[in-house]
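First comes the structure, then the notes that go with it.
Residue numbers (full-length UniProt numbering), protein chains in the order written: chain E, 1 to 502; chain F, 1 to 489.
The structure is reproduced here in structure tokens:
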């Protein structure tokens, strides 16, 4: 039996919900489950992070003890469907682990009430993970639901049409990345056809076939639909090269090569100017002597590795792709990897942030994955596209400078008086020594301590090593003297080193 | 079209398992294990972290096939033993969530085989609120400690308190008890398991929150009596001090004197410049702590027509219920969000203390509503200091309304998404919304009539002449009715 710690990928039920709920239109979703199945994904996860206070199109049966032990949940579902069927054109019923285990036979309703307008979705919540479910439900909507809906006319536009597939609830930073991808598509002279499911009416799924190319926002899910649609498929890019390839590839598929080249040239002088300036500056030298790690979903993990390592010059430590933990038993043990080789910067979720804190590692944490109790609603924080290049460079630079400042000597206010007394005593001692009345005991550095100090210094980012080594030496000796020792111990070094982590 | 009867406008309680995790993740040396499915693991992990648990939660990877596996029990045991070897926890609370409970994973048997295990059953369909799940967790911990014989050293004149209160409140309790020659030996839940051990050996429990019914039964079984309520408001402060003194065996003459002193101190605050005469406040909480808050508000002169909670009625609430009913307050147990909305419609309060959804709607409508948990439950309540604090907050809320409303009025000309689906709210609340979302509920539906009046008033006192126009939605403006204009003067 595999025991997991801090589960960071959810299940099929959440995945289905997060694809269906964002779409507009006269339809609703019914959750067939107990109170927590409504509360946890919607009222908490979405309310606290995406700050969506209440999803108006999601209802729940809120099954109780009697339903579980005696009656099953079908009667509740039937009643709720009966009340909602006249209000909504379409109803999607989602099973959850609980209703699946008591086999509530909700699928009967599909035939019983109205096979066209009620869809029962067995989310296989115990066996399917979040990302697979998002993949499946996107395809399901295209293959099973869209054919039963009235076909909408093709968008009247002279420009080539492009679908964006995959911006759903419960992702990290999707608002910003979605906005940037839209900007890029429009930048090369194409038009967004359907942004599914984010900027999309349910009926819009009948128009998915109208596009000339498809952009999948994420690599983690959506490929089944992408393949079914059969048009050229592109993925949300992270980094300079990936974005350029994305723009040119998409342009070639749409016959917009010249426009794309012009757009890229213009971007270099506008959006990317900020990146170019930072890249030429001393910032980039610091990048090259530093390390990073990442544990995130595939798109972000691979994108960040490409960008941070191949374009900014960081060295990669402790990198992993999140889906591994669910799919294989050989998943990278991120905590162990962090302990073995703590990078300067680490991109991840709240779990990794906790490991870093728990072990008092010197690593700085940057949010880059769910679950993360932060709000990401600003569209000004993209990781993808050229704007992503600028934004990532900025946060990385600022974080490194913050590290630098935490290593620079500071006169702690509460210690000012104590320090003054120490200085006075030291001067007296020195005077006495000159007069020949005392012989100063020098503080020794045993070999073991020197070796330890070297080991500790290696954990300190290279660009602050000079300041750090000075501080380690002076402060460790002070600690030794305070304890009336004439030698420095490894503990002294560690104690001083721990202050760096603040 | 008939209103939808079986829908829930919004959930009435968090997932109960979260309540148990709140207690368990804070305990040092505890290593909680969840048994359920990935959605629950992920969501509860997120929730626990959101509320700053900063502790790992473990869970076995279970597929539906595993639930039909005859060896599941042994496999789980082996996995838990492995973790004990690695992490060396003092206790392992194993929580059966919905699915695991339904398929009947026998955690009691596990606990018999591994003594570190505290078996807990917390389900979304059985445990009615997250507060009561805290009770389940506490009961489980105390049961385990009793099994280990940690209840055999009785300490005279010692008191323990139970309920999540602001740290300053426990200090206030400590000082108060010391004056009477008593000792506050422990406060639970806390992060130290020894506090729980100490609590099992005191002479009286002060049950500050009224949902700890199962836990109090555990104390009853080892012969420790409990008293209910807390030293809030003038009346209850007096009664509470006398009760705790009598139960814990303090000098009653001294207790009488201290009870009078404290009562008078509270009364002075209640009657002072912070009084709430003429202010109407609806209190919609969910843990029973709203009884304590409500008492202070009522005694300070506020009109509290409605008080609701998610917990069930129990003997621990009896005194409070009688007290409120005698003062005409409608007390609602196991409330739904719809109940709270209806109350807001019916009573048109100046301030609504409510859960997120109802508070969110209040904000959209221009009331000084706040989220109960974050703003109210995280404050000192006890004695004069607590009263001062709560009353100060109410005045702060009333005063802050104009500035909050500036943002609100910015969005008034656009049909923004609402916290609660509009059609459903309209059905539930009827004509309260007939006047449109632009007008506040409080002050009635007379927005149309008073609009001209508002336009005529050059300075309505809402502090925002720029946005004060016909249909002024800013509370405190005459458009909002006489009730609210009071504060403007």
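Think of the CB as a built atom: it goes at the ideal place given N, C-alpha and C, for glycine as much as any other residue.
| Asked | Found |
| --- | --- |
| Under 9 Å by beta carbon: chain F residues contacting residue 129(E) | 38 |
| Close-in-space but distant-in-sequence residues of the same chain around residue 90(E) (CB under 6 Å, 5 per side omitted) | 27, 117 |
| Same chain, Cβ closer than 8 Å to residue 224(E), five either side skipped, listed in chain order | 135, 136, 138, 139 |
| Which listed residue (206(E), 205(E), 226(E)) has its alpha carbon closest to that of residue 215(E) | 226(E) |
| Any chain F beta carbon closer than 9 Å to residue 125(E) | yes |
| Buried/exposed call for residue 410(E), threshold 16 Cβ in 10 Å | exposed |
| Euclidean distance between Cα positions of residue 6(E) and residue 351(E) | 6 Å |
| Whole-angstrom distance between residue 187(E) and residue 263(E), CA atom to CA atom | 6 Å |
| Rounded separation between residue 93(E) and residue 126(F) - CA only | 23 Å |
| Three CB pairs or more closer than 8 Å across the region 272 to 288 of chain F and the region 301 to 310 of chain F | yes |
| Helix, strand or coil at residue 263(F) according to DSSP, with G and I counted as helix | helix |
| Stretch pair the region 16 to 34 of chain E + the region 60 to 69 of chain E: three plus CB contacts closer than 8 Å | yes |
| Paired residues, beta bridge with residue 95(F) - DSSP | 34(F), 120(F) |
| Cα-Cα separation, residue 432(E) to residue 440(E) | 9 Å |
| Straight-line Cα distance separating residue 150(E) from residue 120(E) | 20 Å |
| Residue 408(E), buried or exposed, once every other Cβ within 10 Å from all chains shown has been counted against 16 | exposed |
| Which residues DSSP lists as bridging residue 319(E), in chain order | 294(E) |
| Whether residue 136(F) touches residue 37(F) by CB criterion (9 Å) | no |
| Nonlocal neighbours in the same chain, by C-beta distance under 8 Å from residue 185(F), ignoring five residues either side | 155, 158, 159, 160, 198, 199, 201, 202 |
| Neighbour-count burial assignment, residue 206(F), 16 or more Cβ in a 10 Å radius | buried |
| Within 9 Å, strictly: CB atoms of residue 57(F) and residue 27(F) | no |
| Beta-carbon contacts of residue 294(E) that lie in its chain and below 6 Å, excluding the five residues immediately before and after | 301, 304, 319, 347 |
| Contact with chain E by residue 89(F), beta-carbon distance below 9 Å | no |
| N-terminal and C-terminal residue of the beta strand (DSSP E) that residue 163(E) is part of | 161 to 165 |
| Continuous alpha helix (DSSP H) stretch holding residue 377(E): start and end | From DSSP, residue 377(E) is part of no alpha helix (DSSP H); its letter is neither H nor E. |
| Inter-residue Cα distance where the pair is residue 405(E) and residue 20(F) | 42 Å |
| Any C-beta of chain E under 9 Å from that of residue 286(F) | no |
| Beta-carbon proximity of residue 280(F) to residue 348(F), cut-off 9 Å | yes |
| CA nearest to the CA of residue 444(E), picked from 368(E), 416(E), 479(E) | 479(E) |
| Proximal residues of chain E, C-beta to C-beta of residue 238(F) below 7 Å | Those do not exist, as residue 238(F) stays about 40 Å from chain E at its closest Cβ, beyond 7 Å. |
| Under 9 Å from the C-beta of residue 121(F): neighbouring residues of chain E | Those do not exist, as residue 121(F) stays about 12 Å from chain E at its closest Cβ, beyond 9 Å. |
| Between the CA atoms of residue 235(F) and residue 267(F) - distance to the nearest angstrom | 9 Å |
| Rounded Cβ spacing between residue 151(F) and residue 15(F) (contact assumed at less than 8 Å) | 32 Å between Cβ atoms; not a contact. |
| Burial state of residue 111(F), where buried means 16 or more other Cβ atoms lie within 10 Å | buried |
| Candidates 241(E), 50(E), 10(E), of which the one nearest residue 128(E) by Cα | 10(E) |
| Residue-level contact to chain E via CB, residue 437(F), 9 Å cutoff | In this prediction, residue 437(F) scores a pLDDT of 37, lower than 50, which makes its location untrustworthy; no coordinate-derived value is stated. |
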